[in-house]
Structure formats: C-alpha cells, structure tokens
Amino acid sequence: MIDKVKLGSDLTVSAQGLGCMGMSQSYGTGDWDESVATIHRALELGVTFIDTANVYGAGHNEVLVGRALHDRRDEVQLATKFGIDNTAGTRVIRGRHDYVKQACTDSLGRLGVDVIDLYYLHRPPQDAEIEETVGAMGELVAEGKVRYLGLSEVTPELLRRAHAVHPITAVQSEYSLWTRDPEALVPTMVELGVGLVPYSPLGRGFLTGTVDVSALGKNDFRANNPRFMGDAAAANQAIVAAVQRVAQRHAVAPAQIALAWVSAQSGRLGLPVVPIPGTKRRRWLEENVAALDIELTAEDLAELDPLGEQVSGARY
Numbered sequence: 241m242i243d244k245v246k247l248g249s250d251l252t253v254s255a256q257g258l259g260c261m262g263m264s265q266s267y268g269t270g271d272w273d274e275s276v277a278t279i280h281r282a283l284e285l286g287v288t289f290i291d292t293a294n295v296y297g298a299g300h301n302e303v304l305v306g307r308a309l310h311d312r313r314d315e316v317q318l319a320t321k322f323g324i325d326n327t328a329g330t331r332v333i334r335g336r337h338d339y340v341k342q343a344c345t346d347s348l349g350r351l352g353v354d355v356i357d358l359y360y361l362h363r364p365p366q367d368a369e370i371e372e373t374v375g376a377m378g379e380l381v382a383e384g385k386v387r388y389l390g391l392s393e394v395t396p397e398l399l400r401r402a403h404a405v406h407p408i409t410a411v412q413s414e415y416s417l418w419t420r421d422p423e424a425l426v427p428t429m430v431e432l433g434v435g436l437v438p439y440s441p442l443g444r445g446f447l448t449g450t451v452d453v454s455a456l457g458k459n460d461f462r463a464n465n466p467r468f469m470g471d472a473a474a475a476n477q478a479i480v481a482a483v484q485r486v487a488q489r490h491a492v493a494p495a496q497i498a499l500a501w502v503s504a505q506s507g508r509l510g511l512p513v514v515p516i517p518g519t520k521r522r523r524w525l526e527e528n529v530a531a532l533d534i535e536l537t538a539e540d541l542a543e544l545d546p547l548g549e550q551v552s553g554a555r556y
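Here's what the structure looks like:
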C-alpha cells in the first residue's frame, strides 16, 4: 500500500493524492462514469487524499466527488477550496467573513458531507485582509465543519499573517520540474510546520510527452497557455526530451519520472511534499501511483534539477 505522510501537526494523508479538477473542466470533455471509476480505483490503490474546489465546473466537481464517495467517506481525507468567484462574469477572489461561512455551507451540501478535512483559501482575497478570512475559517474549525486549514499560492508574509490567526496545515501551489516558485516559501513553511501540496506536478500534462499542442481543443485551456504555444512550446520540448532520457534508463513513462522528482524534493526541502496529480482516467491514475516506487539516482537528479531554469513561457 501507499505510504502515509503527515501534513502540519496532525493530518495524515496518502503520499500521493488525486486532483479532480479535470473531471469537470479545463482539459476537454469529461466523463462522469469514468471519473467516478477513477476515484474508486484511487481508493483501491491506497490514494486517499482527494482534492476538489467549489469553482471547478461551477460546483459540478464537488457534486461528482461527493457522489463518488457517498458510502466511503471514512476512507478519505477530503480537501476543497473556496474564494474564486466567477459568477458575475469577472473573476474576483473573495474572503469576507460571511462569504467564507456561506461558501463552506454550500460546499458541504454539494459534497454531501458533515465535515471537510482540509479547507483551502484558493487565492489571497481581494476584498478582505487575510486575518479576516482565516479568522472565519478558524470559526469553521471550532464549529466542527472543517478539520484543518490550507492556503494556495501565497507569499511568505501572507502565510505568517494567516498562521498567526490559526495554524495552517498545508500550502497548495503549482510545483513541478518546470515550476519552482514555491521554493521561495519553503523556509517559512519549514519554520511554521506547514506541508506542501503540489498541483500540476506533471506540468499540466506537458512533461508526460503525450500532449500534442497542435490538437488541443477550444475547451482545453492549455491551448492559450503560454508554455503550450508557438516558439515556447517548441523550446520546452527540450525539457520533455530530458525527462524522456531519464525515463528510458528506468524503463518507465516520462510522467512517472516527473512525479518521482516532485516526491523526492521532500528530503531536499525539509518538509512534507504530497503531489496531487490530476487525471480523469484510471489508466493514468495507475501510472501515477506506480511513480511512488521509483528511486531517482544522483545522475538522474543532476539531469533533472536544472530543467526549471530552461522553461520558456509564463505559467499563465
């Protein structure tokens, strides 16, 4: 079975999680039945850390995850997020006290659960100070509606201010071979005892070497992502080629090397690192989980570590 990892002071999760966003948005057409089957297969394999958000599919994803887990709630550590509001046609990051409380109530209803294990603020709020937002989140813990608190894409200063209001268990940020931004936050996270939950550890699929950027459909947001476009996409193939060379030495898929690298950073960074690769298909889930058995050599790391400096194109 998959090893367990402790985030923060007391939240024990599987060493790899499952990101569910793509089941409802961003990466082409979804398939409800296959998505549910993928979540069930994750549990069979020992993946118990399940990640969603209220904004994914405008609530669709929380409903899907909730239905998939309706009779298996006690087997998982369920994480969701709030804060991104697209209802008025423009994106606003909200964090006022009353909004936080209502967002949680709504998520509990869509998920069909009584408590959320890890509740993230999806991005720093634009309409409130972080102290007000985290204060409301702390009230949710006191009320028994949430067990642990998380933040996403924050600065060291915001993390300190938030942690002073209520202990923060995890920070979820994009982190992969080609996105190293969270490393600037690591000293603060180590000091405060906060774990790192990397999303998009496969570079939104680019690092797998299986994405044909010329064939991305209009409902796939990567078609307009700078790293997937034109000259940048061509230049970034050199990164994929390096991952493929390492994969060939181990006789595994490039995606597994990319994931193994992320997991291996826990020792170097000195904090828990639990990636949550997203997929909506069982075949890729099984491949991702198998990456946990790969041990990278010093030679591998010497080839992989510099790749973050070679990326062409912004994240968004």
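All residue numbers for the sequence shown refer to the working numbering, where the first residue is 241 and numbers rise by one. Glycine included, C-beta positions come from ideal geometry on N, C-alpha and C. Note that the structure is a prediction, hence the values are computed from the model and not measured.
Close beta carbons around residue i, own chain, < 8 Å, minus the five adjacent residues each side
{"i": "A277", "result": "R522"}
Spatial distance of residue i from residue j (CA atoms)
{"i": "L398", "j": "I370", "result": "7 Å"}
{"i": "L544", "j": "W501", "result": "8 Å"}
{"i": "L442", "j": "L499", "result": "7 Å"}
{"i": "R555", "j": "T327", "result": "24 Å"}
{"i": "T292", "j": "I279", "result": "12 Å"}
{"i": "G390", "j": "D533", "result": "28 Å"}
{"i": "I290", "j": "G323", "result": "19 Å"}
{"i": "D311", "j": "V305", "result": "11 Å"}
{"i": "R240", "j": "W418", "result": "With the chain represented from 241 up to 556, any question about residue 240 goes unanswered, as that position is not in the structure."}
{"i": "A404", "j": "V253", "result": "24 Å"}
Residue i, DSSP secondary structure in three states
{"i": "G257", "result": "strand"}
{"i": "L398", "result": "helix"}
{"i": "T345", "result": "helix"}
{"i": "R334", "result": "coil"}
{"i": "L442", "result": "coil"}
{"i": "T247", "result": "Residue identity check: residue 247 is Leu in the sequence provided, not Thr. Reduced to three states, the DSSP call for L247 is strand."}
{"i": "Q550", "result": "coil"}
{"i": "S503", "result": "helix"}
{"i": "Q317", "result": "strand"}
{"i": "I479", "result": "helix"}
{"i": "Y339", "result": "helix"}
{"i": "Y388", "result": "strand"}
{"i": "V492", "result": "coil"}
{"i": "T419", "result": "strand"}
{"i": "D271", "result": "coil"}
{"i": "Q412", "result": "strand"}
Sequence-distant residues of its chain with Cβ nearer than 6 Å to residue i (five each side left out)
{"i": "V480", "result": "G449"}
{"i": "L536", "result": "A500, A504"}
{"i": "M261", "result": "Y296, G518"}
{"i": "L251", "result": "Y388, T409"}
Member of the options whose CA lies at the smallest distance from the CA of residue i
{"i": "G375", "options": "M261, T428, R336, L541", "result": "R336"}
{"i": "R350", "options": "T373, M377, K321", "result": "K321"}
{"i": "R485", "options": "I497, A474, N476", "result": "I497"}
{"i": "L447", "options": "V551, S266, C260", "result": "V551"}
{"i": "E274", "options": "I242, L285, G297, A308", "result": "A308"}
{"i": "H362", "options": "D471, R334, C260", "result": "R334"}
{"i": "V245", "options": "V514, R420, G470", "result": "V514"}
{"i": "Y439", "options": "L283, K341, A319", "result": "A319"}
{"i": "V316", "options": "Q256, T345, K341", "result": "Q256"}
{"i": "A282", "options": "Q477, G259, D271, V394", "result": "G259"}
{"i": "D354", "options": "V381, P365, E526, E527", "result": "V381"}
{"i": "A475", "options": "Q342, V437, E549", "result": "E549"}
Own chain residues within Cβ distance below 7 Å of residue i, not counting five before or after
{"i": "H300", "result": "S264"}
{"i": "A472", "result": "P466, S552, G553"}
Runs of 3 residues minimum, wholly inside the stretch 344-386: which ones carry the beta strand (DSSP E) assignment? 356-361
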